[in-house]
């Protein structure tokens, strides 16, 4: 029956094909008429978007979207709107029965449940725990029940042949996707297919196939760009790739690249991996849903080759091998072609599993695609155990007036390297994009001060002041590690979309007039003797209001180099002696190490012995004891060895409302910009040593500038600088200065110092530089007071608290500044730079103008010059910007002309005009 139905369809199409291409006809058929009802609870879909190839797929044997609005279809580069894949489907066949999901009137693969969250209808993804099954969790686990993640974004789904229209064989396919964001593997997307026979009988002569229809340069619904496609086949690489003449009238920039399908791993038969055993191409119009034809293509059947259909599916040219088509038989002008890659035959007994691994590889150039194919093969050969970069940080942001504030967490620093076990985190990089993730520019980098890289120091917030109001900016933060002797520094991937936890979108906007932003207040030092200043700057989020925070300090230990199983215990023996330092314990050998002050590079003590089992180290004068304890029965490899580095760092802790730990044992440096994950930016800053300078006597024209010359000599005191006389030497005038302090009785610091004009004098680490007119020498009685603060660094005893105050509105400020309201652009001529574009095939701007510098709450009335009300807009926001889509109340676009707008906020009113020119 299946064959009769398909042949009937073929007859109906045969005449139409001469006047219109079958693919064009398929694109015109409403998808709803071809799809089965999506009421089955186990059906799901997902999008791989971490690598440079974006792909929507279903858990029904479809590696493409049914319509482009569902998601990317082999989009390369990602976010470029260049979609290469029309259809790619895994086939599994035995003689007379091929299971496929290609033909929408006969989709034989069906979803199997219990592997994803059915409430979301999304395939399970490793980077989105919400998609996991609520009971079973992540479906891929080791023997101990621990989750296994192999790439930056794994996916997992299962489907079976329960819709098989010939005979249900009991086949089940577990499909796992792997996407890497690291640069060397970004142009690859992997899929693993584990095919299990759960049926009642053994299956012989089984083939696995990949139906591959790659349309280079095409946009669904546009000019048919798929008619000039060509393929090439490299048997040694098990690779088929598609390309065209290199240009497209439909794609942005007009340039096309290369897109390949590689079969990387197949089962072993008689000690030999079979690889790609068969490859044939045919016109898209010649696709048939006939099992014997499909199996004949997969298996290179002589009977199909010798039949009347043979010329459609076999193009061996001068080859003598029936199993592989010759790509040189494709006309130079190209064709609308599909390729079927297959591997077999195999025997699949009941309960057994066959595993196949394939990859999509892409490149802007042929060499770039070949490089991706090489990396793909190496990755599969390594069972996806690639060196991994640090975890992607969670990025947050807040829009300001011509500025954006970014802040992030420290998750990248808290997770050791998966392969080495070291805490090898080195720093953060921040990227900005003005075209929604197509192109990225690095705008900042922060790395540990350790003699590697730029050594600018780590911070957790960054303000971008290069932005313009009204424009959308994407930001992404990455984390990178130290390079090793054999592996270059690895960087976590930039987020390709706003679902990525390290990527956000921010649109700067004008401030609301009269509104005072969310702020910190009641900053107190609850304990400790430090005189460093705590600076608190929350982002402007109302949800922070009412929060009460406490900041405390401790120490944190890490293994930054090496992988010993040694436990480190920190004991504070004298909190008064503790310091804001980072200590290193560098092992010279398995039984000898040095204690280093990593903050300064000074060796505190060299040559500690390290006996078997561990030891305790007392850091004299620092109030710390550090104990190293080897694991019981530890082998030599599990104990410290030459080159290992343990660190103990001064660390900060932040608790909100007595219970919510926002920052836990984060390595901390003075003057470092820190941030909590809810958006409080803070730092502990050295006080100004010269706190104040005052003129307290005399009126002569005398200027004295005071600077710090030697911080180690600073004493906290109030000093008095006195002019006690003057004179002339060799015709040059001078003054005589002495310096005392406010001690009782006063100490004389400088008894008498002769200072010429522009000369200097020094006392207790302070230098003064005098300036006076040569013809008017200052006389005795001129006096200055200088208040000097000696910085006292914090230790673990110091404890701070602060609170967050919500925003407020000052009506009098609104009244004074209401005339700052503007419309931009004005006049509006045809379009606006602010307007985002919308659409896949033909991108059109979303028309808009912006009202800026508005009060936080107001109503905007828009009238024609004849006083007809066109639109009423209610503005209630923490910013001063409101957009209008140039549509009247009924939704129709307004006509060109001059319009009047009135802004009312309480009893305050402002009126002005703007013009629309189209």
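Residue numbers (this note's numbering): -7 to 910. For glycine and all other residues, C-beta sits at the position ideal for the given N, C-alpha and C. Please read these numbers as outputs of a predicted model, since none were measured by experiment.
- For residue 277, there is no enclosing alpha helix (DSSP H), as DSSP marks it with neither H nor E.
- The Cβ atoms of residue 402 and residue 658 sit closer than 8 angstroms to each other.
- The alpha-carbon separation between residue 573 and residue 564 amounts to approximately 14 angstroms.
- Counting the other Cβ atoms within 10 Å of the Cβ of residue 409 gives 16 or more, which makes it buried.
- For the stretch 794 to 882, the full-length alpha helix (DSSP H) segments reaching 4 residues or more read 803 to 809 along the chain.
- Counting the other Cβ atoms within 10 Å of the Cβ of residue 899 gives fewer than 16, which makes it exposed.
- With 16 or more other Cβ atoms from the protein chains shown falling within 10 Å of its own Cβ, residue 270 counts as buried.
- Rounded to whole angstroms, the gap between the alpha carbons of residue 556 and residue 633 is 8 angstroms.
- Residue environment: residue 683 is assigned as exposed (fewer than 16 neighbouring CB atoms within 10 Å of its CB, all protein chains considered).
- Rounded to the nearest whole angstrom, the CA to CA distance from residue 123 to residue 58 is 21 angstroms.
- Pairing residue 731 with residue 724 gives a Cβ-Cβ distance that is not under 8 angstroms.
- A residue is called buried once 16 or more other Cβ atoms fall within 10 Å of its Cβ, and residue 482 is buried on that count.
- Within 10 angstroms of the beta-carbon of residue 184 lie 16 or more other beta-carbons, which makes it buried.
- Taking all protein chains in view, the Cβ of residue 629 is surrounded by fewer than 16 other Cβ atoms within 10 Å, so the residue is classified as exposed.
- When Cβ pairs closer than 8 angstroms are counted between the two stretches, the stretch 511 to 528 is seen not to touch the stretch 802 to 812, the count staying below three.
- Within the DSSP secondary-structure output, residue 595 pairs in a beta bridge with 588.
- Distance from the CA of residue 41 to the CA of residue 656, rounded to the nearest whole angstrom, comes to 32 angstroms.
- Looking at the DSSP output, residue 750 bridges to nothing.
- In the displayed model, residue 391 falls within a strand according to three-state DSSP.
- Per the C-alpha coordinates, the member of 665, 66, 224 positioned closest to residue 450 is 665.
- Close CB contacts of residue 571 within its chain, under the 6 angstroms cut and outside five residues either way in sequence, are with 614 (chain order).
- For residue 403, the enclosing alpha helix (DSSP H) starts and ends at 403 to 406.
- According to the DSSP assignment, residue 304 belongs to the alpha helix (DSSP H) that extends over 302 to 305.
- Per the C-alpha coordinates, the member of 366, 770, 906, 154 positioned closest to residue 720 is 770.
- In the DSSP assignment, residue 203 forms a beta bridge with 81, 332.
- Judged by DSSP in its simplified three-state form, residue 568 adopts helix.
- In this structure, DSSP gives residue 362 a helical state, which the three-state scheme calls helix.
- Under DSSP, residue 90 takes part in a beta bridge, and its partners are 85.
- Membership of residue 285 in the alpha helix (DSSP H) is indicated by the continuous run 283 to 291.
- Measuring C-alpha to C-alpha distances from residue 361 to each of 176, 877, 447, 189 identifies 176 as the nearest.
- Annotation for residue 295: no beta strand (DSSP E) segment contains it, though the alpha helix (DSSP H) segment containing it runs 294 to 297.
- By the Cβ test, the stretch 777 to 796 is not in contact with the stretch 498 to 509, since fewer than three Cβ pairs between them sit closer than 8 angstroms.
- Residue state for residue 62 is assigned as helix, using DSSP reduced to three classes.
- Residue 772 and residue 737 have their C-alpha atoms some 22 angstroms from each other.
- Inclusion of residue 78 and residue 206 in the CB contact set at 8 angstroms is warranted, their separation being smaller than that value.
- For residue 474, no beta strand (DSSP E) encloses it, and the DSSP letter there is neither H nor E.
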